[in-house]
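Colleague: Order-wise, the sequence lines are chains A and B.
All residue numbers for the first sequence refer to the working numbering, where the first residue is 244 and numbers rise by one.
All residue numbers for the second sequence refer to the working numbering, where the first residue is 1247 and numbers rise by one.
Heads up, the beta-carbon is just placed ideally off N, CA and C, and yes, glycines get one too.
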Amino acid sequence: MKNSFIARNPSILIFLACLAVFTLVITLMSHAYGTGGISTSFVKTLGRTLCLCLVAIAMDLVWGYCGILSLGHFAFFGLGGYMVGMWLMYARTEIIVIESLANSPIPPTAQEVQDAIGTQIFGVVGSSEFPLIWSFAHSLTLQLLLVVLIPGVLALVFGWLAFRSRVTGVYLSILTQAMTLALSLYLFQNESGLRGNNGLSGLQNLPGVTAGQDAISVWFLWASALALGLGYLLAAWVVSGKFGSVVRGIRDDEARVRFLGYSVETYKLFIFTLTAIIAAVAGALYYPQAGIINPGEIAPIASIYLAVWVAIGGRGRLYGAVIGAAVVSLVSTWFTGGMVPALNLGFYRIDWVDWWLVLLGLSFVLVTLFAPKGIGGLFDLVGARMAPNRHGADYGPGKGSLREKEGQE
Amino acid sequence: MPRRLLSALLCLISLLATPLAAQEGPLQDLLQSQRALIEDSSRRTIGPAIDAIRDSGLDGAALVLEKWEAREMWQRESDGLFFYAEEVNRDTLHLYAFDGPTDLGEVPDEGFDQLKPNSGIRGLIASALVQFQLSDPDISRRRAALDALARDGNADHLPVLRAAIENEPDAAIRAQKERLERLLTIRFGATDAARIEAIAYFRGDLAVDVRAALNPILATRREVVAGEPPAGANIAAELTPGSETFPAEEAYGLLVSAGLAPARLTADAQRQALAANIVEGRVGGVPVAELSDPAARDRAYDALEAAGTVPAAATQSEVEAALAAHSFFDRYVEPSAAVTDAAEEALNSIELKLAVNQFIDLALDALSLASIYFLAAIGLAITFGVMGVINMAHGEFIMMGAYTGYVLQQLIPNYTVSILVAIPVAFAVTFAAGVAMERLVIRWLYSRPLETLLATFGISIALQQLAKNIFGTQARPLTSPGWLDGQLVINDIIGISWIRVAIFVLALVFLAIYLFIMQRTRLGLETRAVTQNPRMAASMGINPDRVNMLTFGLGSGIAGIAGVAIGLFAQVTSELGQGYIVQSFMTVVVGGVGNVWGTLAGATMIGFLQKGIEWLNPSNTLAAQTYMIIFIIIFIQFRPRGIIALKGRAAGD
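1. Rounded to a whole number of angstroms, what is the C-alpha to C-alpha distance between F1717 of chain B and D1416 of chain B?
2. Can a CB atom of chain B be found closer than 8 Å to the CB of V507 of chain A?
3. For the region 1804 to 1818 of chain B against the region 1580 to 1589 of chain B, are there 3 or more C-beta pairs whose distance is under 8 Å?
4. Would you tell me roughly how many angstroms separate the C-alpha atoms of P394 of chain A and A425 of chain A, rounded to the nearest one?
5. Between G1853 of chain B and V1681 of chain B, is the Cβ-Cβ spacing less than 8 Å?
6. Write down every uninterrupted run of the beta strand (DSSP E) in the region 1738 to 1765 of chain B whose length is 3 residues or greater and which is fully enclosed by it, in chain order.
7. Would you list, in chain order, the members of the region 1822 to 1842 of chain B that have their beta-carbon closer than 7 Å to a beta-carbon of chain A?
8. Identify the continuous beta strand (DSSP E) that holds A550 of chain A and give its terminal residues.
9. What did DSSP end up calling S483 of chain A once you bin it into helix, strand or coil?
10. Enumerate in chain order the residues of its own chain whose CB-to-CB distance from L1752 of chain B is below 6 Å, with the five nearest sequence positions on each side excluded.
11. Comparing the C-beta of V1632 of chain B with each C-beta of chain A, is any distance below 8 Å?
12. At a cut-off of 7 Å, would you count L389 of chain A as near the ligand FMN, judging by its Cβ distance to the nearest heavy atom?
13. Using CA coordinates, which residue listed in B:Y1330, B:V1353 and B:D1337 is at the minimum distance from F1344 of chain B?
14. Across which residues does DSSP place M1319 of chain B in a beta bridge pair?
15. Report the residue from B:R1449, B:L1309 and B:F1328 whose alpha carbon sits nearest the alpha carbon of D1382 of chain B.
16. Quick one: which unbroken alpha helix (DSSP H) runs of 4-plus residues sit fully inside the region 1396 to 1465 of chain B? Chain order, please.
17. By Cβ distance below 8 Å, which residues in the same chain neighbour I1669 of chain B in space, the five residues on each side in sequence not counted?
18. Measuring alpha carbon to alpha carbon, tell me which residue in A:W480, A:A554, A:L392 and A:S506 is nearest G324 of chain A.
19. Which chain A residues are close to V1534 of chain B, counting only those with a beta carbon under 9 Å from its beta carbon?
20. List, in chain order, every chain B residue whose beta-carbon is nearer than 7 Å to that of Q386 of chain A.
21. Skipping 5 residues on each side, what residues in its chain have a beta carbon closer than 6 Å to that of R1885 of chain B?
22. What is the DSSP secondary structure of D1587 of chain B, counted as helix, strand or coil?
23. Please go through the same chain and pick out, in chain order, the residues whose beta-carbon is closer than 7 Å to the beta-carbon of R407 of chain A, but skip the five residues on each side of it.
24. Under 6 Å Cβ to Cβ from A1465 of chain B, same chain only, skipping five residues before and after it: list those, please.
25. DSSP three-state call for D1382 of chain B: helix, strand or coil?
26. According to a CB-to-CB cut-off of less than 9 Å, which residues of the region 1617 to 1648 of chain B neighbour chain A?
27. Quick one: does T1845 of chain B have its CB under 8 Å from some CB of chain A?
28. I1879 of chain B CB to nearest chain A CB: under 8 Å?
29. Within the 8 Å Cβ cut-off, does R1408 of chain B reach chain A?
30. Please confirm if P631 of chain A has its CB atom under 8 Å from at least one CB of chain B.
31. When you compare the CB of G1704 of chain B with every CB in chain A, is at least one pair closer than 8 Å?
32. For A250 of chain A, does the count of other Cβ atoms within 10 angstroms reach 16, so buried, or fall short, so exposed?
33. So, with DSSP's three-state summary, where would you put P1354 of chain B?
34. Which same chain residues, not among the five before or five after I535 of chain A, have their C-beta less than 8 Å away from its C-beta?
35. For H316 of chain A, name the three-state secondary structure that DSSP assigns.
36. Would the region 1645 to 1664 of chain B and the region 1857 to 1877 of chain B be scored as touching if the rule is three or more Cβ pairs under 8 Å?
Written out as structure tokens, the structure is:
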């Protein structure tokens, strides 16, 4: 067992242990299963944060390890949410409709039920017909399959087109940004069949479940923690071993890896699609906790924030991405929630609801300039895992290549 | 002195005395003869009174109608005589008699009733007044009368208008009158021949009013009759039920609404009929619980039908027979076939010309959109295209320029001056911001382009929030000077607002400035040298740090000026720049990095493409943007280096 996967990556065990302890503590403090020290809405916030950590892992995999700065991963996140949201909305409306039709003297036909659901869901965009994309909305299994399939296929097609024509670097970033912009603009139309800018709502109610929101929020916390743990394991497994070395090689010098005989495009496509699927799963767990999804959620800005989290947390290390997403999103909630006392400078009163974004933007610039390793870099100090002193010499051809940590391995 | 006073007094007395004499006259007689109708003041009966005044041929007839319409006509209660008056204050009237007209001086308003014609009567009066206004000596009143006629002329105006053409001294108004006469003839001409002649007059005429006159002639009504369509009816098209444009359901619906066939049983009606006939938990022998199946419902309804409790509904075969027995057609509202043919022919001749002109108009729109994209992107063409720096805060520089323009407008009240001042000031402000950003952030990241993207994004959100904190979230107006208001109108179809023309010109100026700086100045030479090979340039005595700083400042400064221009037609908000950033990057990437002609080509392509897609799908600009982005993503597959790709060493990489 000396060379087992876990043994080679002790950080996995530490991470999983932390996650388990965290989940247990929150459960014991929740309203439904514990002392009630934490409000239900805060449990939901924590559950959502775990989902954001999961999508941050996906981002770290594609950017920190493979060097593709994708500014479109929130599109996959949102698509996952839409796919689950369709079933949640359909199933819940179906229950309501059947209840209301049960009072009529004549039992309703299947068609009548269908029509009534359509009117309920699409009345807000002035339609009552079910668009084609809702064909599978009645079935949870099919719709869960779509959570994986739709973003996966989109990422596959987009990635194939982009990598095949060797679009790299900032061009790829702009292209992915264009993709998510196109998708959000498309979803903003009523004709897209997903209720336009109204989005899908009422997703926090699980159809057929009588338990209250306090219990449901804890279930989702568990599900999110499980998904995060599995996602972390999967990502750690992918980047370990030979496959991981090739992927990091692509980040550091794509041309050299290609000349060594590896099919760079296939590796990139695999990582891009895999991370899209991880993002979609995260989204599918996130939006039932948020309760509502609309096209604004997948605007380009969201994906850039994702990159911000990963950069602040520390690229190229999976726990860094998790820390970045958790810290930035929680601190952000803290600041924008008006919970931070305003700072009185005498001549001006700094209200943090207004100034938080300025602070975030500037601290982001500072992190990029002075701490490229992010918060995760602190662990290097703690673990005394300092790089051998090379007297300032670089490892590779470009200044950004090969992190110190990998030089040791 | 006393003498003069005396004479003045005498004068006053004589003035006061005359009214009694001047109250009588032909106009007063005329009004008195129509007194009953005028007092009645009803829209249905007032016609003859107005006509009598209009056709009296008396000089003051127009005056009477005008005063009446303006609610300035008053009637004395004691003897029923009519006057017009101005209200001096609440209780005093300045009275005039129509005949003369004669000034009767100020009198208290007691004993006088104001005539208050309702809007219907005033419309009739206005229509009668047209005759006088059309030959009014005042040219502006003739114009106003023609405008009024063009808006809502009626058959009565036609002879009046014809009569007014003869003595028209002004050539332009004469032409306008003749044109209006033709238009009115199309609608109200006495004979078909006259109308057809008038229609033929407008062949190939692009004006909107011509189409507005011709289109109603071709209006149709969908009708249905048993058997063959009536002979002699002016039929536009016969319709076959069940065809693509005229589905059988629609045809049968027409039959039902015409009362020629019984209604089909809708699912709703069936359910209600069944619900009304539930007997001991069964309907027509079928248990209620089974009625969730449509087939069971049909069986139950058939049973009820057989029992005679519900009316028989039309079956499929009955529907088919009914459709076959009737003929459906679109019938022109206009009875004369010759007139509709002529109108159709004239409209066809207009259509081709119209299409060409609409295409030109669309192209102008696309051109102006392209110049907006070009303006937004040209600064980026320098910082991203030449230097390779991804500046996500570029949009915020555009916003800073727009806000600079707004602040200057608050300081300088004259819009022309403030815009002229705003351009250099916006350049200076954003130049300084750009230089500061380059010095403090970007130069440390030249070897890490992806991190430049993220750092500048951090600056972008900080600047955006800063602008929100300073200027608030509501949109601030940047008002354009008066001479930029309105449109450059070429004909009824082609028109382009002056602001867009100005932006187009500004885009050309920017192109020239860019080319001049890059090709003809020391800075341009040094910039190109540093971009191609910084080390070699440095060894030639060029200071790359300084050049990078100045180039970045230049690109940012141009973004600031673009911001002033964009602010003129868009609302200035803190999110102004954000909307342009993705489009600008795509413009530069699609066009080809490192070449301003590429940016021009990219902006032109994106502008024309977007307008083209909008034209294909006019209701939906969101869809147009979606399809455009998808097109760009696919386009980059085939030309990853853009439309105009640099070749050789300049391409670097």
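Modeller: The short version:
1. 55 Å
2. no
3. Output reads no: the region 1580 to 1589 of chain B does not touch the region 1804 to 1818 of chain B.
4. 15 Å
5. no
6. 1741 to 1743
7. V1828, F1831, M1832 and V1835
8. Segment P543 to G556 is the alpha helix (DSSP H) holding A550 of chain A; no beta strand (DSSP E) there.
9. coil
10. A1811
11. no
12. For the ligand FMN, the structure offers nothing, since it holds no ligand at all.
13. B:Y1330
14. B:Y1330, per the DSSP bridge assignment.
15. The shortest Cα separation from D1382 of chain B among B:R1449, B:L1309 and B:F1328 belongs to B:L1309.
16. Correct list: 1403 to 1412, 1417 to 1434, 1438 to 1447 and 1454 to 1460.
17. I1807 and V1810
18. A:L392
19. Residues of chain A passing the Cβ test: P348, I349 and P350.
20. Here the premise fails: no neighbours, minimum Cβ distance about 24 Å.
21. none
22. Three-state DSSP puts D1587 of chain B in a helix.
23. E508
24. When the five nearest sequence neighbours on each side are left out, the beta carbons in the same chain lying within less than 6 Å of the beta carbon of A1465 of chain B are those of V1579, in order along the chain.
25. coil
26. F1630, G1634, I1636 and M1638
27. no
28. yes
29. no
30. Any reading at P631 of chain A is ruled out, since the residue's pLDDT is 48, under 50, leaving its predicted position unreliable.
31. yes
32. exposed
33. strand
34. The beta carbon of I535 of chain A sits closer than 8 Å to the beta carbons of G442, L443, S444, G445 and L446 from its chain, once the five residues preceding and following it are set aside; these are given in chain order.
35. Correct three-state label for H316 of chain A: helix.
36. no
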